[in-house]
Structure formats: C-alpha cells, structure tokens
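Asker: One structure coming up, written as structure tokens, with questions to follow.
Numbering (UniProt numbering), first residue to last: 1 to 101.
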C-alpha cells in the first residue's frame, strides 16, 4: 500500500469519525430539548392538579387527558432518542484489534 493510499484511508476514517460525532451531537441536543418539553408538560400537569386541589375542584377529564397525553408523547420521543443515541455510540465505539495469527 502506497503512502497516499494510507493517507487517504486515514482521512476516510477521520471523516467517518467526525460524521459519527456530529450525529451523536445532534441526537444529544434533540434529546435535551425533548426532555425539557417533558419537564414542562409534567410541570403543567402538576400545577393543574395543585390548582384543582387548592380550589377544592376536580381537574377536568379532558384537561387531564391532554396533559397526560402530552407528557407521554415527550417521554416516548425521549426514549426513542435514547435508543438512537445508544446505537450511534455503539457504532462509534472503537473496534477491538483483530488478533494476528
């Protein structure tokens, strides 16, 4: 293998690693955003329950369903992103060297 082929192979490997790092970064940012949205949904649900209890009323069923649904949607999205992140991290993990025979 010539020196230029080795250089090209190393550049290809570096490009692949950089793409993997970018993919990981994008997923981490999206996961952070979705977790923030889930926190806001949980907070809204908590406030609604608190206000209903404080005012000695019941939380409207449609409001409760809407808030629970919103929270569940963000939790499911976060779970999917966590799975995607695990796949990317597994794919980017350094490979074990092959034993020489």
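All C-beta atoms, glycine included, are put in the ideal place defined by N, C-alpha and C.
1. Pick helix, strand or coil for residue 134, following the three-state DSSP scheme.
2. DSSP three-state call for residue 17: helix, strand or coil?
3. By Cβ distance, which residues of its chain are closer than 7 Å to residue 41, with the 5 residues on each side in sequence left out?
4. Where does residue 22 land, buried or exposed, given buried means 16+ other C-beta within 10 angstroms?
5. Count the other CB atoms within 10 Å of the CB of residue 11; is the residue buried (16 or more) or exposed (fewer)?
6. Hey, is the segment 76-93 in contact with the segment 25-35, meaning 3+ C-beta pairs nearer than 8 Å?
7. Hey, out of 6, 56, 17, whose CA is closest to residue 90's CA?
8. Skipping 5 residues on each side, what residues in its chain have a beta carbon closer than 7 Å to that of residue 27?
Answerer: So, from the data block:
1. Only positions 1 to 101 of the chain appear in this structure, which leaves residue 134 out of reach.
2. helix
3. 67, 70, 71, 74
4. exposed
5. exposed
6. yes
7. 17
8. 81, 84, 85, 88
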